[in-house]
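**Student:** Just passing along the structure, written as structure tokens.
In the numbering used here, the protein residues as written are 3 to 142.
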């Protein structure tokens, strides 16, 4: 599929891999979901390098999604999102994956995910949160 959106799933352990595999079996997925499990024996640098290898060849509309806000996966998503000018969100879940997969444009995905009325998904726009934090820190 030429119009596939790539989604890099950054998660602790293998639960993200199992989630994506189960969703594929139950619902099918049209977009490309690449799972990057952070395993206990990995350093932050090793993890970042593993994700970055793929991002170097990924399309510009790739989305980064992490499982745990404020953890290593979301911090990696922020770092690489800024470095590669990609969208990075936190809030990995079944409803979020289904919302991402039913849309065909990144702009529409982000619009749906961050609608205040959307009670099905709970996400954080990591890049926007990081920018707010940096502004607050600079004002101190």
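Cβ coordinates follow ideal geometry from the N, Cα and C atoms, glycine included.
(1) Grab me the residues of residue 103's own chain with a C-beta within less than 7 Å of its C-beta, minus the 5 sequence neighbours each way, in chain order.
(2) Could you check the C-alpha separation between residue 37 and residue 107 for me, to the nearest Å?
(3) In angstroms, rounded to a whole number, what distance separates the CA positions of residue 54 and residue 48?
(4) When you compare each of 7, 127 and 137 to residue 2 by their alpha carbons, which one comes out closest?
(5) Going by DSSP in three states, residue 34 sits in which element: helix, strand or coil?
(6) Assuming residue 59 is part of the alpha helix (DSSP H), what are its boundary residues?
(7) When you compare only the Cα positions, how much space is there between residue 35 and residue 11?
(8) What residue does the beta strand (DSSP E) around residue 91 start on, and which one ends it?
(9) Look at the alpha carbon of residue 95 and the alpha carbon of residue 19, and state the distance between them as a whole number of angstroms.
(10) Let me check one thing: in DSSP terms, what residues is residue 79 bridge-paired to?
(11) Roughly how many angstroms lie between the CA atoms of residue 59 and residue 92, to the nearest whole one?
(12) If you measure between the beta carbons of residue 75 and residue 50, is that distance less than 8 Å?
(13) When the Cα atoms are used, what is the spatial distance from residue 80 to residue 64?
**Tutor:** A quick look at the data gives this:
(1) Stepping through the chain shown from its first residue, residue 103 is reached at position 101. Cβ neighbours of residue 103 beyond the five flanking positions: 31, 32 and 33.
(2) The residue given as residue 37 occupies position 35 in the chain shown. The residue given as residue 107 occupies position 105 in the chain shown. Residue 37 and residue 107 have their C-alpha atoms some 20 Å from each other.
(3) The residue labelled residue 54 in the question sits at position 52 within the chain shown. The residue labelled residue 48 in the question sits at position 46 within the chain shown. Spanning the two alpha carbons is a distance of roughly 10 Å.
(4) Nothing about residue 2 can be reported from this structure: the residues present for the chain run from 3 to 142 only.
(5) Looking up residue 34 in the chain shown gives position 32. Reduced to three states, the DSSP call for residue 34 is strand.
(6) Reading the chain shown from its first residue, position 57 is the one you call residue 59. Segment: none, residue 59 is in no alpha helix (DSSP H) and carries neither H nor E.
(7) Mapped onto the chain shown, residue 35 falls at position 33. Mapped onto the chain shown, residue 11 falls at position 9. C-alpha separation (whole angstroms): 7 Å.
(8) Position 89 of the chain shown, counting from 1, holds the residue named residue 91. 89-92 is the extent of the beta strand (DSSP E) around residue 91.
(9) To locate residue 95, count along the chain shown from 1; it is residue 93. To locate residue 19, count along the chain shown from 1; it is residue 17. When rounded, the distance between both Cα atoms is 12 Å.
(10) Position 77 of the chain shown holds residue 79. Residue pairing by DSSP places residue 79 in no beta bridge whatsoever.
(11) Locating residue 59 in the chain shown gives position 57, counting from the first residue. Locating residue 92 in the chain shown gives position 90, counting from the first residue. Going by the C-alpha atoms only, they are around 22 Å apart.
(12) The sequence position of residue 75 within the chain shown is 73, counting from 1. The sequence position of residue 50 within the chain shown is 48, counting from 1. Against a cut-off of 8 Å, the Cβ pair of residue 50 and residue 75 comes out as no contact.
(13) For this step, residue 80 is matched to residue 78 along the chain shown. For this step, residue 64 is matched to residue 62 along the chain shown. The straight-line gap from Cα to Cα measures roughly 13 Å.
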